[in-house]
Amino acid sequence: MKQSIKLNVQYFFGIFLFVSFASFSMSNGYELWLNYTKVMDQNLLAEYRSKIQSVYLEGSGETHAAIKKELKMGLGGLLDTEVVFHKYNGTGNQLIVSKYNELPQELKGNFNMDDLSGEGYKIKTVQLKNASYVVVTSNADIGLLYGTFNFLRLLQMNSSLSNLDITEIPKVDIRVLNHWDNLDRTIERGYAGFSIWNWHTLPGYIDQRYIDYARVNASVGINGTVLTNVNANALILTPQYLEKVKALAKVFRPYGIKVYLTARFSAPIEIGGLETADPLDANVIQWWKDKAKEIYTMIPDFGGFLVKANSEGQPGPQNYGRSHLDGANLMADALEPYGGLVIWRAFVYSEHDPTDRAKQAYSEFLPEDGKFKNNVLLQVKNGAIDFQPREPFHPLFGAMPNTPVMMEFQITKEYLGFATHLVFLPKLFEEVLQSDTYRKGKGSLVAKVIDGSLNNKKLTGMAGVSNVGNDINWTGHPFGQADWYGFGRLAWNPYMTSENIADEWLRLTFSNDEKFVQPVKQMMIESREAVVNYMNPLGLHHIFDTGHHYGPGPWVNNLSRPEWNPVYYHKVDSEGIGFDRTRTGSDALSQYAPEVEKMFTDLETCPEEYLLWFHHLPWDYTLKNGRTLWDGLGLKYQEGVEKVRDMIKTWKTMEPYVDKNRHHQVSMLLNIQLKEAIWWKDACMLYFQTFSKMDFPKEMETPKHTLDYYKSLKYPFAPGIRPTWN
Ligand code: GCV
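Numbered as in the UniProt record's numbering, the sequence shown ends at 726 without a single skipped number.
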């Protein structure tokens, strides 16, 4: 039987995981955080084995089957023992995994299930006379699956089973990954290989990866996936491709994951043969209705459409003189009979609009508050520009009380060093979620907008632009897995701290040894500020090289649209640097609540992290530490570089705790990160110096090359560049 469990494991994770189980020193990271290797602590192992002598598992159906498989794999691996499924024994030392209505009668009294949604669950140690049970229960199969994953996580993290009393309910409804995957398998802003969706071999060939993808997502509560790029190709809505989507939906269904697709606004023309895509045209309206019916006939639980319209060249209702509202409601009407959703993106800015790009989404969408159909969510990026290493929160959060506004984070690191830099993103996500919008007074956190509690919203959501590709370890950088994990955990509970997330992930993925967990956790937490410092300190933003966004390009000034040029964002001149967004400048600050506007406007209260985001300041402006702005900039760049050196030192000492393969991978990547941090410092400071005409601060290491050298660097094949959009 032990043998058969091993075979199961091999079956479910494929050959990659088998290799990693076979030899710790060869781990390739394919298993992600579902690392069910045997519990090392002998006392705990003995405790677990004695408390889980058998498993009572009641129920039927596909999700139930998924639970059983996971328990076999998880317990089989962690306890390195035969997993015995048994009827309720009445004598204890049994793991009970059962929906509440199927629980043995004598256990039911220990639970009040009224407060639970279908996705919620409870895990409790129940003492009955002399018998002790660990019970995982829920009102629905999917909650039971989530509870099962949590239970396995407890074992992975070496928690005691003696006094468990856990109630978990997701705080956000739609917890969804956005894949910017194209039908040719390239990924826009993807740095971990090609798309895992093999459209060519679907629907006939079901890659083991699809199943493992569903498992890992469900393990953190992600319940939806948008399979295709927002720069959409209408072909995905043709019958040929819908058959493939249907096959994926079937794989994901037992794991509670719905599929969504991106809908190209001009699809009625491109694949429907109509002459227009005008949202008010009767034929267009009918076309979308027919398309929705066709999709739901094939995929009854289809999630809905994600739409990028009239943004960066994508077609949309404005091509016909109509509004975003017209466009969104058109699709909402079509999907409504089937319970489908429209997720409409607020990421819009126009080359024909001369106002500050940061202001445009707010101006466009605010007047539409309360006018969208009930099945529309507005998906808003965390900041008003574009996933920068640090951005102030988007002013739309909290400003549209009558519209479900959902969060869009970017898990892939378009502007944070691709899959090469170790930057722990949950720290960034946490900062945004904990920001105070002041829309309903102090404490109106972005997190409260996202979980709906600020304005009593019934429909809530959080999206993460995926960092997954077909690299063996899914995310390229081994630590990129933590960003995927952390996104899922925060989508479930936007109030989790990044520290807890790092702690969990490290234990699940690497080791429970405190000598490993504590220093590496600290390194992860600090890694986000490091990247801000060596790329975009003191509120600088969007100074990345053109198109691919790899490396610095603060000098770029020749692109056709002004707001595509870095010079637009830093506004450097001989006097100083920064974007004045106060009333004397673009006045973008007036889009925030008065308290927030005041805080950012007043130089006394504006956090220095956001200084140059909101202010154009002279080179000799005095920072809080008494140094000039010019010196401060150099010192911040240097600080970022030093932090990467610290990270390298820390990681070196971790060799005894990490398998050779991953230790070596991370070491190599950290060395590249250091090289690139220095590149950023040198290139930016040399460029800014041509305006400030000041000497570098003495603490800053002298640049290795000339500015011309840095300007000459070209990366025509950097990964993730936009392919032709159609
Ligand atoms: C999918 C940025 C990225 C684009 C991306 C766009 C968006 O501009 O560089 O690659 O397009 O955001 O979010 O739509």
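Backbone N, C-alpha and C fix where the C-beta goes; we use that ideal spot for every residue, glycine too.
Alpha-carbon to alpha-carbon, residue j and residue i
| i | j | result |
| --- | --- | --- |
| Tyr495 | Tyr709 | 45 angstroms |
| His548 | Lys72 | 44 angstroms |
| Thr546 | Ala683 | 15 angstroms |
| His542 | His394 | 16 angstroms |
| Pro697 | Gln638 | 10 angstroms |
| Val465 | Leu540 | 23 angstroms |
| Phe265 | Ala309 | 7 angstroms |
| Pro594 | Arg439 | 9 angstroms |
| Glu504 | Gly321 | 50 angstroms |
| Gly340 | Pro104 | 37 angstroms |
| Tyr715 | Trp180 | 21 angstroms |
| residue 738 | Leu116 | With the chain covering only 1 through 726, there is no way to say anything about residue 738. |
| Val19 | Asn473 | Note that Val19 has pLDDT 37, beneath the 50 cutoff, so the model's placement of it is unreliable and the number below is only indicative. Taking the straight line from one Cα to the other gives about 13 angstroms. |
| Tyr213 | Gly640 | 35 angstroms |
| residue 741 | Val342 | With the chain represented from 1 up to 726, any question about residue 741 goes unanswered, as that position is not in the structure. |
| Val468 | Val517 | 25 angstroms |
| Leu686 | Asp631 | 13 angstroms |
| Tyr296 | Leu242 | 10 angstroms |
| Val666 | Gln410 | 22 angstroms |
| Glu699 | Phe418 | 29 angstroms |
6 angstroms CB neighbourhood of residue i in its chain, flanking five on each side removed
| i | result |
| --- | --- |
| Leu433 | Val446, Ala447, Pro494 |
| Glu563 | Arg357 |
| Asp369 | Met400, Asn402, Thr403 |
| Pro719 | Tyr191 |
Residue i: CB within 8 angstroms of a non-hydrogen atom of ligand 1
| i | result |
| --- | --- |
| Trp288 | no |
| Asn43 | no |
| Arg345 | yes |
| Trp180 | yes |
| Phe305 | no |
| Phe600 | no |
| Lys381 | yes |
| Val230 | yes |
| His86 | no |
| residue 730 | It is not possible to answer for residue 730, since the shown part of the chain is limited to 1 through 726. |
| Lys440 | no |
| Glu70 | no |
| His549 | yes |
| Phe387 | yes |
| Lys413 | no |
| Arg189 | yes |
| Glu312 | yes |
| Lys308 | yes |
Buried/exposed call for residue i, threshold 16 Cβ in 10 Å
| i | result |
| --- | --- |
| Thr706 | exposed |
| Leu145 | buried |
| Leu280 | exposed |
| Ser27 | buried |
| Glu514 | exposed |
| Ser50 | exposed |
| Val259 | buried |
| Ser712 | exposed |
| Gly61 | exposed |
| Arg561 | exposed |
| Gly383 | buried |
| Leu603 | exposed |
| Ser162 | exposed |
Close Cβ partners of residue i (< 8 angstroms) along its chain, the five nearest in sequence each way excluded
| i | result |
| --- | --- |
| Phe24 | Note that Phe24 has pLDDT 45, beneath the 50 cutoff, so the model's placement of it is unreliable and no number is given. |
| Thr605 | Lys598, Met599 |
| Val644 | Ala530, Tyr534, Leu670, Gln673, Leu674, Ala677 |
| His86 | Ser54, Val55, Tyr56, Gln94 |
Cut-off 7 angstroms between Cβ atoms - residues of its own chain near residue i, not counting five sequence neighbours on either side
| i | result |
| --- | --- |
| Arg390 | Val532, Asn536, Glu609 |
| Phe691 | Val572, Asp573, Ser574 |
| Leu669 | Thr420, Leu422, His477 |
| Ala330 | A quick correction: the sequence has Leu, not Ala, at residue 330. Closer than 7 angstroms at Cβ, skipping near neighbours: Pro279, Ile285, Trp288. |
heavy atom of ligand 2 below 8 angstroms from residue i C-beta
| i | result |
| --- | --- |
| Lys457 | Ligand 2 is not part of the structure shown, which contains ligand 1 as its ligands. |
Residue i at chain C interface by Cβ criterion, 9 angstroms
| i | result |
| --- | --- |
| Asn112 | The displayed structure is made up of one protein chain only, and chain C is not part of it. |
Are three or more beta carbon pairs between the region 562–581 and the region 607–622 nearer than 8 angstroms?
-> In short, these stretches touch, since the Cβ pair count reaches three.
So, do the region 529–537 and the region 488–507 have three or more beta carbon pairs nearer to each other than 8 angstroms?
-> Touching, no, given that fewer than three Cβ pairs across the two stretches are closer than 8 angstroms.
Inter-stretch contact (C-beta, 8 angstroms, three-pair minimum) for the region 549–556 and the region 619–628 = By the criterion of at least three beta-carbon pairs nearer than 8 angstroms, the region 549–556 is not in contact with the region 619–628.
Can we say the region 134–153 touches the region 171–189, given the rule of at least three CB pairs closer than 8 angstroms?
-> With a cut-off of 8 angstroms, the region 171–189 and the region 134–153 do not count as touching, because too few Cβ pairs lie within range.
Meets three-Cβ-pair contact criterion under 8 angstroms: the region 188–203 and the region 274–291 | Because the criterion of three Cβ pairs below 8 angstroms is not met, the region 188–203 and the region 274–291 do not touch.
Would you check if there are 3 or more beta carbon pairs closer than 8 angstroms linking the region 212–228 to the region 146–155?
-> Look at the beta carbons and you see the region 212–228 touching the region 146–155: at least three pairs across the two are nearer than 8 angstroms.
Assess, as a yes-or-no matter, whether the region 238–257 is touched by the region 195–215 under the definition of 3 or more beta carbon pairs within less than 8 angstroms.
-> Contact between the region 195–215 and the region 238–257 is present, because at least three Cβ pairs lie under 8 angstroms.
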